[in-house]
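Report on one structure; see the data block that follows.
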Amino acid sequence: MLTGKFFTVVSQQQPAENSIHYTIDWNGAHPIFEGHFPGQPVVPGVCMMQTIQELLSAAVGKTLLVEKATNMKFLNMIDPRVSPQVTVEIGYTEEEGGYKTNAVIKHEATTFLKFQGRFK
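Sequential numbering from 1 applies to the sequence shown in full-length UniProt numbering.
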């Protein structure tokens with residue numbers, strides 16, 4: 001789990017049913033950044049996806065895994081020194097034993113990741 005080690009939740013809001021927005025802080029001192037990449041830290045894409053998975057799991061109260069990624073776009077790199085705090089917006093609909101999900105990781109006008117898929 002990355003929660004509490006790689007990132008911490010600063011705040012959460014539920015603007016609508018089946019929607020949750022988190023503000024999180026990246027831990028720029030985490031050992032992952034020593035290898036990804038020395039002197040130029042970048043949040044790995046797999047860690048962005050794991051962050052969405054953990055936050056959605058917390059929101060619905062179930063342990064979930066990615067079942068299918070129908071559309072995933074990494075639009076910008078996240079340097080935790082430049083953007084130590086980001087917003088993770090997750091919309092979800094429960095269907096057939098899983099959750100159809102749309103998620104975005106962003107900071108102000110910069111979008112880092114857009115995801116559409118399903119968690120089960």
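All C-beta atoms in this analysis are idealised placements derived from N, C-alpha and C, irrespective of residue type, glycine included.
Excluding the 5 residues flanking it on each side, Pro31 has no same chain C-beta neighbour closer than 8 Å. Distances from the alpha-carbon of His21 to those of Lys114, Val104 and Thr70 put Val104 closest. In this structure, DSSP gives Leu56 a helical state, which the three-state scheme calls helix. Taken through DSSP and simplified to helix, strand or coil, Met49 comes out as helix.
Glu96 has its alpha-carbon roughly 31 Å from the corresponding atom of Phe7. In the displayed model, Ile32 falls within a helix according to three-state DSSP.
In the DSSP assignment, Val82 falls outside any beta strand (DSSP E), carrying neither H nor E.
Contact annotation: Arg118 and Gly98 have beta-carbon atoms nearer than 9 Å.
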